[in-house]
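What follows is a set of notes on a single structure, which appears directly below.
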Amino acid sequence: MKRYAKILFISLLLVCYHTVMQAQSIQEQEKEITALFDSIKQASSDSIAIELNEKIEILLSDALKKEDAFDYTFTSLNYIGSVYSPNHLMRILSWNYPLRHGRYGYSALFLVKKQQKSKHKIFAASQHKAFKPDENTKYLPTNWYGALYYQIVEHKKNRKTQYFLLGISNYQAITKVKVIEPIVIGNQSITFGKPIFKKEKKTQQRIVFEYKSTVNIGLEYDTKRNRFVFDHLSPSDPIYKDAYHYYGPDFSYDSYQWVKTKWVYQPDIDVRNKK
Numbered sequence: 002m003k004r005y006a007k008i009l010f011i012s013l014l015l016v017c018y019h020t021v022m023q024a025q026s027i028q029e030q031e032k033e034i035t036a037l038f039d040s041i042k043q044a045s046s047d048s049i050a051i052e053l054n055e056k057i058e059i060l061l062s063d064a065l066k067k068e069d070a071f072d073y074t075f076t077s078l079n080y081i082g083s084v085y086s087p088n089h090l091m092r093i094l095s096w097n098y099p100l101r102h103g104r105y106g107y108s109a110l111f112l113v114k115k116q117q118k119s120k121h122k123i124f125a126a127s128q129h130k131a132f133k134p135d136e137n138t139k140y141l142p143t144n145w146y147g148a149l150y151y152q153i154v155e156h157k158k159n160r161k162t163q164y165f166l167l168g169i170s171n172y173q174a175i176t177k178v179k180v181i182e183p184i185v186i187g188n189q190s191i192t193f194g195k196p197i198f199k200k201e202k203k204t205q206q207r208i209v210f211e212y213k214s215t216v217n218i219g220l221e222y223d224t225k226r227n228r229f230v231f232d233h234l235s236p237s238d239p240i241y242k243d244a245y246h247y248y249g250p251d252f253s254y255d256s257y258q259w260v261k262t263k264w265v266y267q268p269d270i271d272v273r274n275k276k
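Residue numbers for the sequence shown follow the numbering used here, beginning at 2 and rising by one.
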C-alpha cells in the first residue's frame, strides 16, 4: 500500500512538473514576442518590420502547439487580439504592425477543433501589403487581405455550424474597412468567402464596408433577431459618391437577415428595442 502511494505521489509530481515547465516555456516565448513587438515599433525599414513579424508568427505558432494552449491567456501581449467562438471550438489571434506611409501589415492564427476535448489545428494567414478585399473573390491564407477579427459568429444550417467573422482593417491611411467574412474550415486549410449574401439580385462572397479613417461605424450581430446590423454609410456630400474617404454613418441602419438559404440585405431597419 505504501509502495502504491509512493508511486502515485511521484507520478503526480511528474505531472505537476511537466505542467509547470510547459507553462514556463510559453511564458518565456511570450516575453520574447513582447520584445519583438517593441522592436517593430523602432524598425528603420519595412523589410526589418516584416522580418521581425515573421519571427513573432513562428514563436506564437510554436507556443500554441503546446498542450492546453487553446485556452492559454497571453496576459502581456497587448498587441494581439484574441476571440473565441460561442461554442469554444474556434479561437482567433490577430494583430497588425506599423509600416511606412500609414500602412499596416497583418497576421492571424486560427485555432480550430472538432470537439471540446480534441486536439486543435492551427492555420496561419499573413499579409504585409494589406488591401481591400473584393466582395466576389474567395481567398486562401496565402493571398489573404489582412484584418483584425473582433467577433466570431456561429450560425446553424442543416445541423452544421457555419462561422462568420467580423473584422476591421486600416489597409490605407485615408480609409478603414470592416468586413462580414464567412470562413470555411477544411481538414488541411481554411477558405475566406462564400456566396451566401444577397443584395438586390446579386450574390456576394462577403460584405465590405469602406469609410473615412477618422470615423467609427457599428457592425454587430443581433443574436435575438438572427441578423447582422450596421450603420448605413453615405458621403458627406453627393458629389463625393464612391470616394470612400468622405463616407461615414448617416444615423440610419441596415442589416443582413437570414432568409432560407442566404443573408438578405434589409435597408433602413428599426433598431429600437421592442417589447
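Every residue, glycine too, gets a C-beta built ideally from N, C-alpha and C.
Source: prediction; values computed, not measured.
Query raised in the report: What are the boundary residues of the beta strand (DSSP E) that includes A148?
Result: Counting along the chain, A148 falls outside any beta strand (DSSP E), and DSSP gives it neither H nor E.
Query raised in the report: Y146 and A125 look like a contact to me (Cβ under 8 Å); what is the Cβ gap, rounded to whole Å?
Result: About 15 Å; that fails the 8 Å criterion.
Query raised in the report: Would a C-beta distance cut-off of 7 Å place F38 and Y80 closer than the cut-off?
Result: yes
Query raised in the report: Is the beta carbon of F229 sitting closer than 7 Å to the one on S256?
Result: Yes, they are a contact pair.
Query raised in the report: Identify the residues that DSSP records as bridge partners of N97: which are they?
Result: Y107
Report task. Please report the residue range of the alpha helix (DSSP H) in which S83 lies. Result -> Segment 82-85 is the beta strand (DSSP E) holding S83; no alpha helix (DSSP H) there.
Requested in this report: Return the residue from the list Y73, G82, K56, V180 that minimises the CA-CA distance to N137.
Outcome: V180
**Report entry** Length of the line joining the Cα atoms of V16 and H246
**Finding:** Residue confidence for V16 is low, a pLDDT of 41 falling below 50, so the modelled location carries little weight; the figure read from the coordinates is stated next. Straight-line Cα distance between these residues: approximately 57 Å.
Requested in this report: Answer with buried or exposed for L53, where buried requires no fewer than 16 other C-beta atoms within 10 angstroms of its C-beta.
Outcome: buried
Requested in this report: Report buried or exposed for N227, applying the criterion of at least 16 other Cβ atoms within 10 angstroms of its Cβ.
Outcome: It counts as exposed.
Query raised in the report: Hey, would you say S83 sits closer than 7 Å to L65, going by beta carbons?
Result: Cβ distance not < 7 Å, so S83 and L65 don't count as in contact.
Query raised in the report: How about E33 and L60: are their beta carbons less than 7 Å apart?
Result: yes
Query raised in the report: So, are the CB atoms of F71 and I191 less than 7 Å apart?
Result: no
Query raised in the report: Taking C-alpha atoms, which residue in I208, K158, T35, H121 lies nearest to I57?
Result: T35
Query - Beta-carbon proximity list for Y151, same chain, < 8 Å, skipping 5 on both sides - result: G82, V84, L167, G168, I169
**Report entry** DSSP state of I59 mapped onto helix, strand, coil
**Finding:** Three-state DSSP puts I59 in a helix.
Query raised in the report: Just checking, does the segment 208-216 make contact with the segment 156-167 on the three C-beta pairs under 8 Å criterion?
Result: Touching, no.
Query - Coarse secondary structure for I49, derived from DSSP in three states - result: helix
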